[in-house]
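Going by the UniProt record's numbering, 233 is the number at position 233 of the sequence shown; the sequence numbering is gapless. Backbone N, C-alpha and C define an ideal beta-carbon position, used for all residues, glycine too.
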Amino acid sequence: MAKTDNDPIIASYDVYLTESEISRYVLQYLDRPAGHAYDDRNGQKPTSFRFKPKTGLVEVDVPINTRVNYDVSKGLRYGEALKKSRSAREGGAYGMAGGFSAGAGGGGGAAAKVKMEADVEMSGMPDPGSGNLMRVQTLGGRIKNAEEGDPVYMLAAFRGKNLHLSPVSAVVQLHPQLHHLDAMDEMPKTGRGKGRKDEDDGRPEPEARTIDVKIKAAEDGEAAMVAGNLDLLKKMQEEKWGKYEWVDAETEESWHIYESYMMHQDEDLEGLPQLESAIESEDYLDKMSAPRIDPARPEMTGWAMKQNRKKHGKQGEGNQDEGQDQDQTQGS
1 MAKTDNDPII ASYDVYLTES EISRYVLQYL DRPAGHAYDD RNGQKPTSFR
51 FKPKTGLVEV DVPINTRVNY DVSKGLRYGE ALKKSRSARE GGAYGMAGGF
101 SAGAGGGGGA AAKVKMEADV EMSGMPDPGS GNLMRVQTLG GRIKNAEEGD
151 PVYMLAAFRG KNLHLSPVSA VVQLHPQLHH LDAMDEMPKT GRGKGRKDED
201 DGRPEPEART IDVKIKAAED GEAAMVAGNL DLLKKMQEEK WGKYEWVDAE
251 TEESWHIYES YMMHQDEDLE GLPQLESAIE SEDYLDKMSA PRIDPARPEM
301 TGWAMKQNRK KHGKQGEGNQ DEGQDQDQTQ GS
């Protein structure tokens, strides 16, 4: 073998698969630089993590730095709106998590997004006093149901010469949620009729009524899709939030969890069952690559091309056997 290998093997590892029944989620913050994680080191450790497992909704509350590029007057307005909102009083949630209903049910609603702050001192900024300053931003997303053909992601962890792979349950992309704007939209509804001129005095405030919207689609398929979306929003509205404690990545507890759930816990690694490939190399190439085309017969691709090669291979073996028989006849 010529010594011209430009891609030498420099290391090899034994690969082990960890427990697959454990849920592992990867949270992606699309508008956040990689060097500024939401953690205690950067002063933005999440204060709350909420999850609706049936509908796949995820929300994370992260602190807002109110000392840099922060409008205190608007922060007070948004904080007051969230405190007085109907959704917060009824323990509901806004946006998709509440089924796009202002009075949606479900625990851990908008009230958790505002902290009561008093006597706050800010250099160069007005003192908000005892107002309700909005100090928390909510990030939210939804887990996409897995479909056939979706990639399977793994988390890798090294321990010496062993590589431990842990399957990822889902990847969740989190975006800023505008719950404070939804709360502001409620304010005119509750305060309508106040502060008007004399001609408006004494008039009763219109009573808020629930309006049922019925959508009739032109096609049966479209109607089924609309009905499915409405059913999903109803389930989002009815499902309760599950609350979880956020453990910072640099704590001892976090490293203990890492060692417990990212490493294979079987002490006898040598006695573990070996992986066996359920697919041949040629089939693997067909599945991961674009369809292969036979230049001599462009109409034959993929499976048909493979069957054609097998057919010609058998014919070639038969012709070779006939040639050997003829040689033996001539020799005799």
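Next on the checklist: Could you compute how far the alpha carbon of residue 260 sits from the alpha carbon of residue 160?
Outcome noted: Indexing the sequence shown from 1 puts residue 260 at position 260. Indexing the sequence shown from 1 puts residue 160 at position 160. Those two C-alpha atoms are separated by around 16 angstroms.
Checklist entry - Which same chain residues, not among the five before or five after residue 54, have their C-beta less than 8 angstroms away from its C-beta? => result Residue mapping note: residue 54 aligns to position 54 of the sequence shown, counting from 1. These residues qualify, in order along the chain: 235 and 239.
Next on the checklist: Does the CB of residue 234 have a neighbour CB from chain B at under 8 angstroms?
Outcome noted: No chain B appears in this structure, which consists of one protein chain only.
Next on the checklist: I'd like the span of the alpha helix (DSSP H) that includes residue 72, first residue to last.
Outcome noted: As a first step, residue 72 must be located in the sequence shown, where it is residue number 72. Its alpha helix (DSSP H) spans residues 72-84.
Checklist entry - So, using beta-carbon positions, are residue 155 and residue 225 closer together than 8 angstroms? => result The residue labelled residue 155 in the question sits at position 155 within the sequence shown. The residue labelled residue 225 in the question sits at position 225 within the sequence shown. Cβ atoms of residue 155 and residue 225: not closer than 8 angstroms.
Checklist entry - For the candidate residues 288, 289 and 282, whose alpha-carbon lies nearest to that of residue 307? => result Translated into the one-based positions of the sequence shown, residue 307 becomes position 307. Residue 307 has its Cα closest to that of 282, out of 288, 289 and 282.
Item to check | residue 180 to residue 247 span [Cα, whole Å] | outcome: Translated into positions along the sequence shown, residue 180 becomes position 180. Translated into positions along the sequence shown, residue 247 becomes position 247. The alpha-carbon atoms of residue 180 and residue 247 are separated by roughly 26 angstroms.
Checklist entry - What's the C-alpha gap between residue 276 and residue 312? => result Reading the sequence shown from its first residue, position 276 is the one you call residue 276. Reading the sequence shown from its first residue, position 312 is the one you call residue 312. Approximately 30 angstroms between the Cα atoms of the pair.
Item to check | residue 243 versus residue 168 - alpha carbon distance | outcome: Locating residue 243 in the sequence shown gives position 243, counting from the first residue. Locating residue 168 in the sequence shown gives position 168, counting from the first residue. If I take the Cα positions, the gap works out to 21 angstroms.
Item to check | Proximity of residue 47 and residue 136 at Cβ, strictly below 8 angstroms | outcome: Working through the sequence shown from its first residue, we reach residue 47 at position 47. Working through the sequence shown from its first residue, we reach residue 136 at position 136. It is a contact, given that the beta carbons lie within the stated cut-off.
Item to check | Close beta carbons around residue 141, own chain, < 7 angstroms, minus the five adjacent residues each side | outcome: The sequence position of residue 141 within the sequence shown is 141, counting from 1. Hits under 7 angstroms: 58, 172, 173, 174 and 175.
Next on the checklist: Taking its Cβ as the centre, do 16 or more other Cβ atoms sit within 10 Å of residue 237, making it buried, or is it exposed?
Outcome noted: On the sequence shown, position 237 is the one that residue 237 refers to. It is buried - the Cβ of residue 237 has at least 16 other Cβ atoms within 10 Å.
Item to check | C-beta atoms of residue 166 and residue 18 nearer than 8 angstroms | outcome: Looking up residue 166 in the sequence shown gives position 166. Looking up residue 18 in the sequence shown gives position 18. Against a cut-off of 8 angstroms, the Cβ pair of residue 18 and residue 166 comes out as a contact.
Checklist entry - Candidates 79, 288 and 7: which alpha carbon is nearest residue 149's? => result Along the sequence shown, read from residue 1 onward, the residue named residue 149 stands at position 149. Nearest of 79, 288 and 7 to residue 149, Cα basis: 288.
Next on the checklist: Is it buried or exposed, residue 52, if we count other Cβ atoms within 10 angstroms and call 16 or more buried?
Outcome noted: The residue given as residue 52 occupies position 52 in the sequence shown. Label assigned to residue 52: buried.
Next on the checklist: Taking the straight line between their C-alpha atoms, what separation do you get for residue 78 and residue 84?
Outcome noted: Looking up residue 78 in the sequence shown gives position 78. Looking up residue 84 in the sequence shown gives position 84. The C-alpha of residue 78 lies about 10 angstroms from the C-alpha of residue 84.
Checklist entry - Residue range of the beta strand (DSSP E) that residue 244 falls in? => result As a working note, residue 244 is residue 244 in the sequence shown. Counting along the chain, the beta strand (DSSP E) containing residue 244 begins and ends at 242-244.
Next on the checklist: Closer than 7 angstroms to a non-hydrogen atom of the ligand HEM - does that hold for the CB of residue 20?
Outcome noted: Among the components modelled here there is no ligand, and therefore nothing to report on the ligand HEM.
Item to check | Within 8 angstroms, strictly: CB atoms of residue 41 and residue 250 | outcome: If you number the sequence shown from 1, residue 41 lands on position 41. If you number the sequence shown from 1, residue 250 lands on position 250. Against a cut-off of 8 angstroms, the Cβ pair of residue 250 and residue 41 comes out as a contact.
Item to check | Close Cβ partners of residue 81 (< 8 angstroms) along its chain, the five nearest in sequence each way excluded | outcome: In the sequence shown, counting from the first residue as 1, residue 81 sits at position 81. 180, 183, 184, 186 and 187, listed in sequence order.
Next on the checklist: Is the separation between the beta-carbon of residue 16 and that of residue 256 shorter than 8 angstroms?
Outcome noted: Numbered from 1 along the sequence shown, position 16 holds the residue referred to as residue 16. Numbered from 1 along the sequence shown, position 256 holds the residue referred to as residue 256. In this structure, residue 16 lies away from residue 256, with their beta-carbon atoms at least 8 angstroms apart.
Checklist entry - Of the choices 10, 20, 6 and 296, whose alpha-carbon is the least far from that of residue 153? => result In the sequence shown, the residue the question calls residue 153 occupies position 153. That would be 20, whose Cα lies nearest to the Cα of residue 153.
Checklist entry - Residues in its own chain within less than 6 angstroms of residue 38 by CB, not counting five upstream and five downstream? => result One-based indexing of the sequence shown puts residue 38 at position 38. The answer, listed in chain order, is 44, 46 and 62.
Checklist entry - Can you round the beta-carbon distance between residue 132 and residue 178 to whole angstroms, since I take them to be within the 8 angstroms contact cut? => result For the purposes of this step, residue 132 is taken as residue 132 along the sequence shown, with counting starting at 1. For the purposes of this step, residue 178 is taken as residue 178 along the sequence shown, with counting starting at 1. Incorrect: roughly 18 angstroms between the Cβ atoms, too far for contact.
Item to check | Residues bridged to residue 333 [DSSP beta-bridge criterion] | outcome: As displayed, the chain neither begins before 1 nor continues past 332, which places residue 333 out of reach and without an answer.
Checklist entry - Beta carbon of residue 241, beta carbon of residue 50: below 8 angstroms? => result Position 241 of the sequence shown holds residue 241. Position 50 of the sequence shown holds residue 50. Their beta carbons are under 8 angstroms apart, which means residue 241 touches residue 50 by this criterion.
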